[in-house]
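Sequential numbering of the sequence shown, starting at 155, is according to our numbering. Below you'll find the structure, written out as structure tokens, and then a few comments.
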Amino acid sequence: AKLDSYGYIYSNEQLEEILKRIKKLGDKGKSVTDIELQAIADDIIGRVSEEEQFLKLKELVVITGLNITPTATVRINVGGEEKLVSDLGVGPIDAACNALQKAVKAFGEMSLVEYNLEAITGGTDALGFVTVKVKDKKDRLYTARAANEDIVSASVQALINAVNRMLASNKNRNGMSKNV
């Protein structure tokens, strides 16, 4: 009922996923604020449909620290094919995004043009809300969001959501091709 009062339109599957995420936070002893509820709903409702998700993250490992080059490895399902890709970056989020971009390069040129991270609430276990904008080789922009207590996971999921949106949009325009 709370989501309805905010004007959200959602499927039963999306509601189920939202409730799962809230329960997961509740199991950790957190009570979910209205702002966090909206961030979770934006994350789930803003994704492309399950059938149109060309990318599905299976695993994410990030290594970072003092005097260590940040490294990320992603195991991702790309159009039905599982890929394991690693890359470096100036920080953990950059490394993870670089690895993800390397995994999907064959399916379209894209670049991250905007990245925004917002802590929804205070504390070290705050829900991070990430918004990204990616641009395809034809300069079309795609915006996506994700929310998670882990900001690296939220960042990668937001980027995956944006790439899925880009690929779904291009597929609808001209069928899936390797040169999006």
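Don't be surprised by glycine CBs; every beta carbon is placed ideally from N, CA and C. Computed from a predicted structure; not experimentally measured.
Judged by their CB atoms, residue 260 and residue 228 are not nearer to each other than the 8 Å cut-off.
Residue 258: member of the alpha helix (DSSP H) spanning 246-258, first to last residue. In terms of CA proximity to residue 222, 246 leads the group 253, 246 and 315. Between residue 288 and residue 308, the CB-CB gap reaches or exceeds 8 Å.
Residue 289: member of the beta strand (DSSP E) spanning 282-290, first to last residue.
Ranked by how close their Cα comes to the Cα of residue 184, the residues 276, 321 and 286 have 276 in first place. Taking C-beta atoms as the reference points, residue 254 and residue 216 fail to come closer than 8 Å.
Membership of residue 241 in the beta strand (DSSP E) is indicated by the continuous run 235-242. The C-beta of residue 263 has fewer than 16 other C-beta atoms within 10 Å across all chains shown, which makes the residue exposed.
Here DSSP, grouped into helix, strand and coil, assigns residue 294 to coil. Rounded to the nearest angstrom, the gap between the Cα atoms of residue 238 and residue 230 is 7 Å. When rounded, the separation of the alpha-carbon atoms in residue 303 and residue 172 is 15 Å.
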